[in-house]
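Undergrad: To start, I am sharing the structure in question, which I have written as structure tokens.
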Amino acid sequence: MSVTLIVGILPLPPRAEARDLRLALFGCSLLCVLMWMTVSVRPPRTGGVDLDKVVRPTRRPSRSLPVLLAVLLPLASGAALVQAVGPDGERGRWVSEVYAAGGGVHEVPIERVVSAPWPTGVNVNDVDEYAADVVVTLPFDDGSRRTTVRGARTLGVPGEGNTVTVMYAPGRPGLGGRYHDSGFFDSGAALLWIWTVALMVAVFGYGLYDRAEVHTARRFRGDVHGVAVLVLCLGVLLLLPGAFFQTSTWAGWLLAFISACTPWLALAWAIKRV
Numbered sequence: 055m056s057v058t059l060i061v062g063i064l065p066l067p068p069r070a071e072a073r074d075l076r077l078a079l080f081g082c083s084l085l086c087v088l089m090w091m092t093v094s095v096r097p098p099r100t101g102g103v104d105l106d107k108v109v110r111p112t113r114r115p116s117r118s119l120p121v122l123l124a125v126l127l128p129l130a131s132g133a134a135l136v137q138a139v140g141p142d143g144e145r146g147r148w149v150s151e152v153y154a155a156g157g158g159v160h161e162v163p164i165e166r167v168v169s170a171p172w173p174t175g176v177n178v179n180d181v182d183e184y185a186a187d188v189v190v191t192l193p194f195d196d197g198s199r200r201t202t203v204r205g206a207r208t209l210g211v212p213g214e215g216n217t218v219t220v221m222y223a224p225g226r227p228g229l230g231g232r233y234h235d236s237g238f239f240d241s242g243a244a245l246l247w248i249w250t251v252a253l254m255v256a257v258f259g260y261g262l263y264d265r266a267e268v269h270t271a272r273r274f275r276g277d278v279h280g281v282a283v284l285v286l287c288l289g290v291l292l293l294l295p296g297a298f299f300q301t302s303t304w305a306g307w308l309l310a311f312i313s314a315c316t317p318w319l320a321l322a323w324a325i326k327r328v
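This is the structure in structure tokens:
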């Protein structure tokens, strides 16, 4: 389960291999949960009481399980939020096709600027960013082709010889090429915030768990953990539209946020009912 959550929070490209890896790890985690449920259900003890049995002092609950929960719960919420990071709508479909065709992001030189550059309002190290339509040559598998890239951005006024970041698939010239523009909600900035919040919650959240309550909630009970499992399954189902279809940006983030809340709801239910 830990490996599944770590892979889920990594910024893997939307390739079929990455999706298959996540599905395989999720299947392994589900199998482990089923094994835990089976092992935890013990038959009731029968027979008399052994009066000669030595009574051992009650051991204090270990800290390892609360520490594990303090780490895994933020990871689970972070992994859910990461699923919403990325391009959506028509651009999302195009990016998925480029990755499926083995394409990626490349730096290519500008050959000609075909529109008047306009400022984007972004300033990096006292240098203004500009956008313009530019002509570049992309080396496709069947030969190089000149392509006009709309809205390519550069630091300073773009000119011949400057480089721009273009996404394209060498084996699929019909897809063309586009400037690789990463907004906050589909870039490393959003991932950085998710990782930072998850780490802070993991570090400072350990004190919120009572060791006795956590260890009491370990043994499986259908009326308690069964409901918790259903809540977690709901969280997984909420992520499926974004995993297999192209949703709008706000719909994807709303579903991911609700899914990120389900691990905490499941834990609160389990602890309060045992």
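In short: position in the sequence shown from 1, add 54, done, that's the numbering used here. C-beta atoms are modelled at their ideal positions from N, C-alpha and C, and glycine is treated no differently.
Output the boundary residues of the beta strand (DSSP E) element that contains residue 205.
TA: Against the sequence shown, residue 205 aligns to sequence position 151. Where residue 205 is concerned, the enclosing beta strand (DSSP E) stretches over 197-209.
Undergrad: Tell whether a beta-carbon distance below 8 Å holds between residue 288 and residue 316.
TA: Along the sequence shown, read from residue 1 onward, the residue named residue 288 stands at position 234. Along the sequence shown, read from residue 1 onward, the residue named residue 316 stands at position 262. In this structure, residue 316 lies closer than 8 Å to residue 288 by Cβ.
Undergrad: Where do the ends of the alpha helix (DSSP H) carrying residue 275 lie?
TA: Along the sequence shown, one-based indexing puts residue 275 at 221. From DSSP, residue 275 is part of no alpha helix (DSSP H); its letter is neither H nor E.
Undergrad: For a test of the three-state rule: what should DSSP assign to residue 157, helix, strand or coil?
TA: Working through the sequence shown from its first residue, we reach residue 157 at position 103. Looking at residue 157 - three-state DSSP - the assignment turns out to be coil, as it is neither helix nor strand.
Undergrad: Can you tell me the Cα-Cα spacing of residue 230 and residue 169, whole angstroms?
TA: Taking the sequence shown and counting its residues from 1, one reaches residue 230 at position 176. Taking the sequence shown and counting its residues from 1, one reaches residue 169 at position 115. Looking at the two C-alpha atoms, the distance is approximately 19 Å.
Undergrad: In its own chain, which residues sit with a C-beta less than 8 Å from the C-beta of residue 239, not counting the 5 before and 5 after it?
TA: Indexing the sequence shown from 1 puts residue 239 at position 185. Per-residue confidence for residue 239 stands at a pLDDT of 44, beneath the threshold of 50, marking its modelled position as unreliable; the derived number appears in the next sentence. For residue 239, where only same-chain residues beyond five positions count, the Cβ hits under 8 Å are 138, 139, 303 and 307.
Undergrad: Helix, strand or coil for residue 183 per DSSP?
TA: For the purposes of this step, residue 183 is identified with residue 129 of the sequence shown, where counting begins at 1. DSSP places residue 183 in strand when its eight states are reduced to three.
Undergrad: Let me check understanding here. Comparing Cα to Cα, which of 295, 189 and 283 lies closest to residue 166?
TA: Working through the sequence shown from its first residue, we reach residue 166 at position 112. Selected option, being the one with the closest Cα: 189.
Undergrad: CA-CA distance, residue 155 and residue 191?
TA: In the sequence shown, the residue the question calls residue 155 occupies position 101. In the sequence shown, the residue the question calls residue 191 occupies position 137. Spanning the two alpha carbons is a distance of roughly 19 Å.
Undergrad: Less than 8 Å between the beta carbons of residue 204 and residue 187, yes or no?
TA: Numbered from its first residue, the sequence shown carries residue 204 at position 150. Numbered from its first residue, the sequence shown carries residue 187 at position 133. Closer than 8 Å, so yes.
Undergrad: Please decide whether residue 146 counts as near chain B, where near means a Cβ-Cβ distance under 8 Å.
TA: Protein chain content of the structure displayed is limited to a single chain, and chain B is not contained in it.
Undergrad: Mind checking which residues open and close the beta strand (DSSP E) that includes residue 226?
TA: What you label residue 226 is simply residue 172 of the sequence shown in a count that begins at 1. Residue 226 -> no beta strand (DSSP E), and no H or E assigned at all.
Undergrad: Since residue 175 is in the beta strand (DSSP E), which residue starts that stretch and which ends it?
TA: As a working mapping, residue 175 is identified with position 121 in the sequence shown. Element bounds for residue 175: 172-178.
Undergrad: Nearest to residue 278 by alpha carbon, out of 257, 324 and 295?
TA: On the sequence shown, residue 278 is found 224 positions in, with the first residue counted as 1. The option with the nearest alpha carbon to residue 278 is 324.
Undergrad: State the start and end residues of the unbroken alpha helix (DSSP H) segment that holds residue 313.
TA: As a first step, residue 313 must be located in the sequence shown, where it is residue number 259. Residues 303-327.
Undergrad: So what's residue 193 in DSSP terms, helix, strand or just coil?
TA: Position 139 of the sequence shown, counted from the first residue, corresponds to residue 193. In the structure shown, residue 193 sits in a strand (DSSP, three-state: E or B).
Undergrad: On the criterion of 16 or more Cβ atoms from any shown chain inside 10 Å, does residue 232 qualify as buried, or is it exposed?
TA: By one-based count along the sequence shown, residue 232 stands at place 178. That one is buried.
Undergrad: Could you check what DSSP says for residue 212 in three-state terms: helix, strand or coil?
TA: In the sequence shown, the residue the question calls residue 212 occupies position 158. DSSP places residue 212 in coil when its eight states are reduced to three.
Undergrad: Is residue 139 helix, strand or coil by DSSP?
TA: The residue labelled residue 139 in the question sits at position 85 within the sequence shown. Looking at residue 139 - three-state DSSP - the assignment turns out to be coil, as it is neither helix nor strand.
Undergrad: Out of 276, 185, 222 and 227, point me to the one whose CA is closest to residue 162's CA.
TA: Numbered from 1 along the sequence shown, position 108 holds the residue referred to as residue 162. Residue 222 is the option with its Cα nearest to residue 162.
Undergrad: Give every residue of the same chain whose Cβ lies closer than 7 Å to the Cβ of residue 234, excluding the five residues on either side of it in the sequence, and list them in chain order.
TA: By 1-based counting over the sequence shown, the position of residue 234 is 180. These residues qualify, in order along the chain: 159, 219, 220 and 221.
Undergrad: Between 193, 290 and 281, which lies nearest to residue 81 when the distance is taken from Cα to Cα?
TA: For this step, residue 81 is matched to residue 27 along the sequence shown. Comparing Cα-Cα distances from residue 81 to each of 193, 290 and 281, the minimum goes to 290.
Undergrad: Could you give the C-beta distance for residue 293 and residue 134, rounded to a whole number, given that I count them as a contact under 8 Å?
TA: Walking along the sequence shown from the start, residue 293 turns up at place 239. Walking along the sequence shown from the start, residue 134 turns up at place 80. Between residue 134 and residue 293 the Cβ distance is about 6 Å, and since that is below 8 Å, they are a contact.
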